[in-house]
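J.: Questions regarding the structure given below will be posed in turn.
Residue numbers (UniProt numbering): 1 to 939.
Quick look at the structure:
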């Protein structure tokens, strides 16, 4: 056992270095340092040797004998260490060799006197507690070593340290009991209270360490009689404290007594189980759902959480606590803008619904509402987390959350009031929270809670007959466009499962604008605005929440709505490469010619009798004609400006359709052919601020700019082009372009997993990076490399944490990754004898546990037909479509090229098992050849 080297400064009032003149008969005069130990009048002087003439003190300098003295030391200062020890300041059986060391190594201020000249004795031998200065000095000596105790020596030395701590505890209890009795004397009450406070502080410091309590527990098992002395001292101290009027001291003493009484129960299973309060799998599953699957149904999430709870045997209060912790962490981490609103809706609207469904599961004899109340009690203790969330949201988040849970029947009225009062009391101690709150800014949680009933009212309004009062409906839509109202309503609808219904209403409205009957200019303007607003809203929904929200479950043959057709074939999306020569971009030539003439010859777009859906389908071919004319010198730049002003001047949806085709077109051009196409995108993205624009133009431009920025992000990055989109008031594209540009993705994967493992939990950013790597590398590469990282771990606790985190990461695409793990990774490991050494315990056992967890989850969700929307976004196909038993969906055009630069040692990693022949591709997407030596940069 050893301790860290002691600092050179000594405690005040304990050691004092004095200088006294020294005279030798007829010799030279000088100053000789003397070391004094002051202990309440008991003084021991150890005189150091005088430096030689050269002024340097060496080991060969004569060491005069120090006078024999007696001093009282703590029990750990009695030493049996041999004199030839190389360390002058060390611990043996918890013993610091401070004032005595070996003859071979010592400090000039602490000369090594012969052992017979100092007689250390046990601190327990000092029982004259009436000598206040002695007691204070001994307590200061204890302070020097209490934080430096360690147990790395022989077994006898470790047991010696345990006994020494037990002795120190008994002595401190005697001391505290003495001063507690002395407090009753009126004349010495203040001094006694001060001394009692010092004793209790040392007790708290010693017992506050779990390690110290564990060492005392070992001493208790070794020497039962000593523990009996502790119990007797506790009884005596309790009797002395009964009449103590000082409430802070009484509370401090009660805390110390509770800690001492808890020592015998340290090895109980219950207390050991409760020591684990963090569950990274629950945390990661909740973060994954809130970050990537807000629109998903609650039942699959509920069943996944319940499976994790059962597999890891998590107590219900800690399970609910982990859910809330993940929600607050996600809320704090989320980027400002749309993502923050989505996390707010997830926390305050969706998670209470999840808990309502969890309540229906059998809980045994326990009441789920009590578990929720207990979880909130634990959450209240995480004051920094709650304070940070309050600062971010500009309100008392806990209070709003408790009220919402009470409405859902998750908390009783009394428990809600009690918890709110406790949180309010905590906030009183943090005045910066109130000063930081801006009364002029409405907090997002309140806005989200108000938006939920508004969504229901809007859905009812959209069900009405549009032909009867289109102007009234336009007024409602106009209010939705103002500020961040649209994003608030969409987030609330997504969290409550109403977003799909919301989208269907707007598709119905968009289809309504196809019907034209004898209309005047006002009616034509209203119809154009209804088409434009519904089109822009649907584009925004598709980009923010995924195109699967827009697609109808089933439509009669030949009746696919216009927007669905356009979105599937013409709208750029992540991972979808459009063919600009696809027939969807080449409609009827006569309609294209008339549109080109209208754009080139008219000063502004006509509105009456205009078929906007046909114009949006024809605009791509019209733009191609205009671009060819410009490149051949037929049209000037001024003519192009006039044409683009016509396109974006009345309805923004035509500009969106034109840019969608230009993005696909630019991808197919060489570097020297892109200039004019990019200039046209820049012109279309610049708003037209004129007097002759239609109603709500500024609001529509904000949404259009956000849509165009998302569409152009990849192309602008590839072409190193900058287009300044108008300030939208929204966030930039969140979680985009997270991968380092010149780093192989295998290095990114391993470094990211190492960071996650060190932290012990997954954050929102790392989830998006893992998702990008899965999409780019494919399931086989992703799963194989993560399993390799798991098998590198050799410590049991690290492998357990790695399994918990890997299971959560595999939830990105659980079924595909499970098939890969069971069908390819495990058989390769089990049949290759050269890899059997990697399957030894603990990593082999951890891999088996991961396999069982994944198999259970995948089997359960597959049997119930549950598919996460985040998996559908990757355009993966159902398991039934696979021909082989353990197939892989590695046919996406996004995998191989970055891998070729990864310097992968195992060549098998670069080749997944044989892909399925005849894999279907989405309409409008180009098959991208994987040519060696030429990386496709559009991943």
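Glycine included, each C-beta is placed from N, C-alpha and C at the ideal position.
Kindly indicate which three-state DSSP category residue 149 falls into: helix, strand or coil?
T.: If DSSP states are grouped into helix, strand and coil, residue 149 belongs with coil.
J.: From this set, 357, 491, 407, 198, which residue's C-alpha is nearest residue 344's C-alpha?
T.: Minimum Cα distance to residue 344 is reached at 491.
J.: Mind checking residue 441: buried by the 16 CB within 10 Å criterion, or exposed?
T.: So residue 441 counts as exposed.
J.: Rounding to the nearest angstrom, what Cα-Cα distance links residue 733 and residue 709 in this structure?
T.: Spanning the two alpha carbons is a distance of roughly 8 Å.
J.: Am I right that residue 301 and residue 282 are in contact with their C-beta atoms under 8 Å? What's the rounded C-beta distance?
T.: Contact flag wrong, Cβ pair sits at about 11 Å.
J.: What is the DSSP secondary structure of residue 267, reduced to helix, strand or coil?
T.: Note: residue 267 maps to coil in three-state DSSP.
J.: If you reduce the DSSP assignment to three classes, tell me which class residue 796 lands in.
T.: Correct three-state label for residue 796: helix.
J.: Distance, Cα to Cα, residue 424 vs residue 380?
T.: So the alpha carbons of these two residues sit roughly 10 Å apart.
J.: Taking residue 331 and residue 427 to be in contact with their CB atoms under 8 Å, please state how far apart those CB atoms are, rounded to whole angstroms.
T.: In fact, because the Cβ distance is near 17 Å, the residues do not count as touching under 8 Å.
J.: Check whether the segment 443-450 and the segment 336-352 are in contact - that is, three or more C-beta pairs closer than 8 Å.
T.: The segment 443-450 is in contact with the segment 336-352.
J.: Entirely within the segment 449-535 and at least 4 residues each: give me those alpha helix (DSSP H) ranges in chain order.
T.: Whole alpha helix (DSSP H) segments, 4+ residues: 470-481, 485-495, 499-512.
J.: If residue 471 and residue 526 are in contact, beta carbons under 8 Å, what's the gap, nearest whole angstrom?
T.: 6 Å between Cβ atoms; contact.
J.: Can you check which of these residues, 817, 853, 368, 202, is closest to residue 780 by C-alpha distance?
T.: Checked all of 817, 853, 368, 202; the closest Cα to residue 780 is 817.
J.: Would you call the segment 480-487 in contact with the segment 698-708, where contact means no fewer than 3 C-beta pairs closer than 8 Å?
T.: Judged by Cβ distances under 8 Å, the segment 480-487 makes contact with the segment 698-708, as three or more pairs qualify.
J.: Give me the Cβ distance between residue 410 and residue 359, rounded to the nearest whole Å; I'm assuming they're in contact under 8 Å.
T.: Between residue 359 and residue 410 the Cβ distance is about 7 Å, and since that is below 8 Å, they are a contact.
J.: Determine, using beta carbons only, whether residue 218 comes closer than 8 Å to chain C.
T.: Protein chain content of the structure displayed is limited to a single chain, and chain C is not contained in it.
J.: Any idea what DSSP makes of residue 872, helix, strand or coil?
T.: Because residue 872 sits at a pLDDT of 43, beneath the cut-off of 50, its placement in the model cannot be relied upon, and the following sentence gives the value as read from the coordinates. Residue state, collapsed to three classes: helix.
J.: Could you pull out every residue in the same chain whose Cβ sits closer than 7 Å to the Cβ of residue 662, ignoring the five residues on either side in sequence?
T.: Excluding positions up to five away in sequence, the list reads 623, 677, 680, 681.
J.: How many whole angstroms separate the CB atoms of residue 307 and residue 856, which I take to be in contact at a CB cut-off of 8 Å?
T.: That pair is a contact at about 7 Å.
J.: Can you give me the Cβ contacts of residue 951 inside the same chain, cut-off strictly under 8 Å, excluding the 5 residues immediately before and after it?
T.: Nothing can be reported for residue 951: it is not among the residues displayed for the chain, which extend from 1 to 939.
J.: Would you list the residues sitting across from residue 205 in a DSSP beta bridge?
T.: Answer is none; residue 205 lacks a bridge partner.
J.: Looking at the secondary structure, which residues open and close the alpha helix (DSSP H) in which residue 174 lies?
T.: Here the alpha helix (DSSP H) through residue 174 covers 155-182.
J.: Three or more C-beta pairs under 8 Å: does that hold for the segment 752-765 against the segment 803-811?
T.: In short, these stretches touch, since the Cβ pair count reaches three.
J.: Between the segment 191-203 and the segment 149-164, can you find at least three pairs of beta-carbon atoms closer than 8 Å?
T.: Segments in contact, no.
J.: Here's the rule I'm using: 16 or more other beta-carbon atoms within 10 Å means buried, otherwise exposed. How should residue 279 be labelled?
T.: Its Cβ being crowded by 16 or more others within 10 Å, residue 279 is buried.
J.: Which residue marks the beginning of the alpha helix (DSSP H) containing residue 676, and which one marks its end?
T.: Start and end: 675-685.
J.: How big is the Cα-Cα spacing for residue 738 and residue 523?
T.: Cα to Cα, the separation comes out at about 47 Å.
J.: Could you please give me the residues that DSSP links to residue 289 through a beta bridge?
T.: Paired residue(s): none; residue 289 is not in a bridge.
J.: Using DSSP bridges, identify the partner residues of residue 220.
T.: For residue 220, which the question treats as bridged, DSSP gives no partner whatsoever.
J.: Just to confirm, does residue 793 get its C-beta within under 7 Å of one of the non-hydrogen atoms of the ligand COA?
T.: As presented, the structure is devoid of all ligands, the ligand COA included, so that no description of it is given.
J.: Just how far apart, CA to CA, sit residue 550 and residue 361?
T.: Cα to Cα, residue 550 sits roughly 33 Å from residue 361.
J.: State the beta-bridge partners of residue 573 as determined by DSSP.
T.: According to DSSP, which records beta bridges pairwise, residue 573 is partnered with 576.
J.: Between residue 107 and residue 135, what straight-line distance do the alpha-carbon atoms span, to the nearest angstrom?
T.: Summary for residue 107: the model assigns pLDDT 38, below 50, so the residue's position carries little reliability; its value from the coordinates is reported in the next sentence. Using only the alpha carbons, I get a separation of about 28 Å.
J.: Starting from residue 618, trace the alpha helix (DSSP H) in both directions and tell me its first and last residue.
T.: It spans 612-631 - the alpha helix (DSSP H) in which residue 618 sits, taken as one unbroken run.
J.: Using the rule of at least 16 other Cβ atoms within 10 Å of the residue's Cβ for burial, across every protein chain shown, is residue 613 buried or exposed?
T.: Classification of residue 613: buried, given that the 10 Å Cβ count is 16 or more.
J.: Report the three-state DSSP secondary structure of residue 295 (helix, strand or coil).
T.: Residue 295: coil per DSSP, three-state reduction.
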